[in-house]
Amino acid sequence: MDKKIKAFVMDVDGTMTDGKIYMGSNGEMFKAFDIKDGFGIHEILPAFGILPVIMTGRTSRIVLNRAKELGISHVIQNAKDKEAAIRGLSEELDCGMEQMAYIGDDIIDIKAMELCGIKGCPQDAVDSVKEICDFVSSKKGGEGAVREFIEWLVYRNNSDERETGSDES
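Those letters in the sequence shown? Residues 19 to 187, by this note's numbering.
What follows is the structure, given as C-alpha cells:
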C-alpha cells in the first residue's frame, strides 16, 4: 500500500482562518487568512507533488476567492457530510484515502479525518479532534497551523522515502 501523501485536504473555518466571521454593517462577511499558510499551500505542496484541496461545511465567495488566489482547483463547499465528501474526492482523484492528509478543527471533520492516512489539527482544535491526530500544531487556526502541518508532512514524506530508499510516487 502506497502511503505517500498525494492530496492535502483543509477545512476552512477554524483551520485556515481563526474561526471568526467578521460582519460589516451591510451584512458583508470577512475572513482573515494567514500569509504563511498561503505560501505553504501555493509553493510547498506543489513542489512536493501534493494536491491542495479545500473542504468546508459552509458556502462562501470568500473561500472561492482565496482558493483562486492560491491556485487551488479542488474546492468542496457546503460539505455537511465530510465523510461522504472525502470518499467522493478519493474516487474523483483516483487516490486512496490513506494517501490523503487532512487538517481540521471540529467534530464535523472527525469522520473524514479518520479515513485519511495522516491527520492534523490546529492547537485550538476541540479535544476530540486532537485525540485522533498524528500532528497537533503549536499554532492556532488562522495563525500558521496549516503551514506547520505542511512542513511536518513534507519532511515526514521525504524521510519515509529516504528510509526505504524509494523515490517512487
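Glycine residues also receive a C-beta, built at the ideal position from the N, C-alpha and C atoms.
All values derive from a computational prediction rather than experimental measurement.
With the rule of 3 Cβ pairs closer than 8 Å, the stretch 20-31 counts as touching the stretch 118-138. The continuous beta strand (DSSP E) containing Met73 extends over residues 69-73. By the Cβ-count criterion, Ile150 is exposed, with fewer than 16 other Cβ atoms from all chains shown falling within 10 Å of its own Cβ. Membership of Ala103 in any beta strand (DSSP E) is not indicated; the residue belongs instead to the alpha helix (DSSP H) covering 100-111. Rounded to whole angstroms, Ser43 and Lys49 show a C-alpha spacing of 15 Å. Within the DSSP secondary-structure output, Tyr173 pairs in no beta bridge.
The C-beta of Arg84 has 16 or more other C-beta atoms within 10 Å across all chains shown, which makes the residue buried. Assignment of Lys158 by DSSP, reduced to helix, strand and coil, places it in the coil class. Counting only the Cα atoms, Thr77 lies some 15 Å from Met41. For the pair Lys24 and Leu111, the CB atoms are nearer than the 9 Å cut-off. For the set Gly45, Ala102, Asp55, the Cα lying nearest the Cα of Ala163 is the one of Asp55. Here the stretch 134-152 makes no contact with the stretch 55-70; the two share fewer than three CB pairs at distances below 8 Å. Residue pairing by DSSP places Phe153 opposite Gly138 in a beta bridge.
The alpha helix (DSSP H) runs lying completely inside the stretch 27-101 and spanning 4 residues or more are 53-57, 79-88, given in chain order. In this structure, Ile72 places its C-beta atom within 9 Å of the C-beta atom of Val93. Residue burial is scored here from C-beta neighbours: Pro140 has at least 16 other C-beta atoms within 10 angstroms and is therefore classed as buried.
In terms of CA proximity to Ala143, Ser156 leads the group Leu133, Ser156, Gly135. Assigned with DSSP and collapsed to three states, Ile23 falls in coil, not helix or strand.
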